[in-house]
Amino acid sequence: MTPNPSSRIYLDYAATTPLDPAVFDVMRPYLWAEPGNPSSLHGAGRRAREAVDTAREQVAGVLGCKPGELVFTSGGTEADNLAVIGVAQGEAARGRHVVTTAIEHHAVLFAARSLRADGFDVTELGVDAEGRVDPADLESAVRPDTVLVSIGLANNEIGTIQDIPTLARIAHEAGARVHTDAVQAAGQLDINVDLLDVDLLSLSAHKLYGPKGTGALFVREGVNVERRAFGGAQERDRRAGTENVPAIVGLGEALARAEAARERRTTHLRSLSTALIEHVTAGCSEVRLTGASERRLPAFAPFAFGDVDAESLLIRLDLAGIAVSTGAACTSGSLEPSHVIEALGLPERFRRGSLRCTVGRETTMAEVSEAGEAITRHIRAVRTVPPAPTGVS
């Protein structure tokens with residue numbers, strides 16, 4: 075099973091995963107046989123409400139939180155926006171300072187920057203060459219007026235895993251709330267909110283073999299989140315709008331299945347990504363593994379190639395039937411190096427040569443071997459092509 079039948083080898087699972095047929099089977103009744111609105115009091119409405127409540131309990135079971143501490147959203151982006159802007163505005167009476175990092179997903183980074191127009195001070199922490207936040211930098215950044223620290227559990231472009239419990243302790247000692255974007259980490263790491271010691275956590279279903287267009291935000295009891303959508307009193311009056319029942323059902327089932335299979339699946343993913351890394355680094359000159367060498371998501375094999383235009387490489391691989399990415403899917407139209415790659419401080423000649431390969435549960439070792447050979451072959455090919463002229467005489 076691959077998301078695109080025309081792709082012989084799919085290595086872009088960080089962008090999205092295919093919908094699990096077992097998840098779709100659970101969603102199916104709520105697409106047409108059970109059309110009720112969860113806010114309606116009649117039988118059809120009560121059955122829809124029961125389905126949403128079941129999904130809420132499934133998600134809460136994985137996070138180790140109360141079902142009432144969850145807000146269902148339209149995806150990870152809305153969950154991040156609600157966390158960052160909602161908490162900043164909701165707790166502004168305590169202070170107007172927010173801390174995040176230079177490598178956050180744009181759903182967090184742009185949301186934080188938008189707060190400057192409302193008089194907030196936003197600090198963006200740098201990272202080391204592997205994409206890690208130094209706890210000492212956070213300790214220096216937090217202030218008595220810091221209301222929120224938002225740092226992703228695992229980066230969406232390079233897979234680096236942050237030491238969230240340590241960072242959360244520092245933030246809490248300063249009196250700040252802590253949010254983490256766990257969109258990429260869910261299904262690959264333990265996302266128990268008490269172990270992470272976070273106040274807010276974002277999820278998205280389509281990274282977990284669930285449907286696109288749905289996500290969730292954990293909001294610890296007592297955290298004041300100002301609502302961003304106005305209308306009805308859905309989601310305990312925190313997010314207006316009729317619930318997307320089939321998608322929410324899919325999120326609950328997908329997350330529960332991912333957690334049940336997590337240990338076995340991550341072992342499989344790690345063996346595949348390790349093999350791909352070994353193949354590419356052995357077969358290519360001037361190649362660097364981006365992100366952390368050890369604390370990295372099991373599915374990730376991210377590279378940076380010197381003197382290579384990654385866009386040209388991606389096109390060649392796509393024509394060869396291999397789907398990879400040059401970075402986050404949300405920013406694939408950009409001609410500039412990603413903000414994540416820039417933050418790592420790579421030499422200039424490596425910055426346009428970043429390639430993100432991510433394996434999934436359907437990936438085989440034979441596919442990894444074929445992809446590794448194709449990448450090394452096409453790297454040599456693009457390096458023999460002379461650069462295009464920069465001007466006309």
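If you read the sequence shown in the numbering used here, its first letter stands for residue 75, the second for the next number, and so on.
Don't be surprised by glycine CBs; every beta carbon is placed ideally from N, CA and C.
The model shown is predicted, which means the values in this text are computed figures rather than measured ones.
Asked	Found
Consider the C-beta atom of E422 and the heavy atoms of the ligand HEM; say whether any pair is separated by less than 7 angstroms.	The ligand HEM is not part of the structure shown, which contains no ligands of any sort.
Of all the alpha helix (DSSP H) runs that stay within the bounds of the stretch 90 to 124, which reach a length of 4 or more residues?	95 to 101
Can you tell me which residues form a DSSP beta bridge with S276?	D255, L291
If you count every other CB in all the chains shown that lies within 10 Å of the CB of F377, and 16 or more means buried, which is it?	buried
Looking only at DSSP bridge pairs, what is I396 linked to?	I83
When you compare each of A181, H171, I177 to T197 by their alpha carbons, which one comes out closest?	H171
For K281, tell me which candidate among R82, I83, L93 has the shortest Cα-Cα distance.	L93
From what residue to what residue does the beta strand (DSSP E) around V227 run?	Note on residue identity: the sequence assigns Leu, not Val, to residue 227. No beta strand (DSSP E) holds L227; DSSP gives it neither H nor E.
Look at the Cβ atom of A455, then the Cβ atom of R390, and state whether they are nearer than 8 angstroms.	yes
Which ranges does the alpha helix (DSSP H) cover as unbroken runs of at least 4 residues, wholly within the stretch 156 to 236, from first to last along the chain?	180 to 188, 209 to 215
Assuming I244 contacts V267 under a Cβ cut-off of 8 angstroms, what Cβ separation, rounded to an integer in Å, is found between them?	Between V267 and I244 the Cβ distance is about 17 angstroms, and since that is not below 8 angstroms, they are no contact.
Quick test of your reading: R369 and I235, contact by CB under 8 angstroms. State the CB separation rounded to the nearest angstrom.	4 angstroms
Consult DSSP for A88 and reduce its assignment to one of helix, strand or coil.	coil
Give a yes or no on contact between the stretch 150 to 158 and the stretch 331 to 350, applying the rule of three or more CB pairs nearer than 8 angstroms.	no
Buried or exposed: where does S276 fall if 16 or more other Cβ atoms within 10 Å of its Cβ makes it buried?	buried
Mind reading off the beta-carbon distance from A122 to G110? Whole number of angstroms is fine, and I expect it under 8 angstroms.	4 angstroms
First and last residue of the alpha helix (DSSP H) that includes F304?	Counting along the chain, F304 falls outside any alpha helix (DSSP H), and DSSP gives it neither H nor E.
Give me the residue from F304, P239, V319 with the minimum Cα distance to A118.	V319
With respect to the beta strand (DSSP E) encompassing L429, which residues constitute its N-terminal and C-terminal limits?	428 to 432
Return the residue from the list T91, S224, R362 that minimises the CA-CA distance to V272.	S224
Do V136 and L274 have their C-beta atoms closer together than 8 angstroms?	no
Within 10 Å of its beta-carbon, does L85 have 16 or more other beta-carbons around it, so buried, or fewer, so exposed?	buried
I believe T288 touches F146 by the beta-carbon criterion, under 8 angstroms. Please report the beta-carbon distance rounded to the nearest angstrom.	7 angstroms
Run the CB neighbour count on P411, radius 10 Å, all protein chains shown included, and call it buried at 16 or more, exposed below.	buried
Consult DSSP for P320 and reduce its assignment to one of helix, strand or coil.	helix
Determine the closest residue to Q308 out of V257, L387, V433, G142, with distance taken between C-alpha atoms.	G142
What is the DSSP secondary structure of T364, counted as helix, strand or coil?	coil
Report the rounded CA-to-CA distance for E247 versus T450, giving the unit in angstroms.	48 angstroms
Distance check for A303 and G205, CA to CA, integer angstroms please.	34 angstroms
Quick check: the Cα distance between R468 and D392, rounded to an integer number of angstroms?	It is not possible to answer for residue 468, since the shown part of the chain is limited to 75 through 467.
Which term fits T458, buried or exposed, when burial requires 16 or more other beta carbons within 10 angstroms of its beta carbon?	exposed
Flag this pair as yes or no: are the beta carbons of N230 and G365 separated by less than 8 angstroms?	no
Candidates L418, R120, E108: which alpha carbon is nearest T175's?	L418
In angstroms, rounded to a whole number, what distance separates the CA positions of R130 and R313?	15 angstroms
Give the single residue among S114, P285, L263, L387 whose Cα lies nearest to the Cα of E337.	L263
Take every Cβ of the stretch 247 to 259, pair it with every Cβ of the stretch 323 to 334, and state whether three or more of those distances are shorter than 8 angstroms.	no
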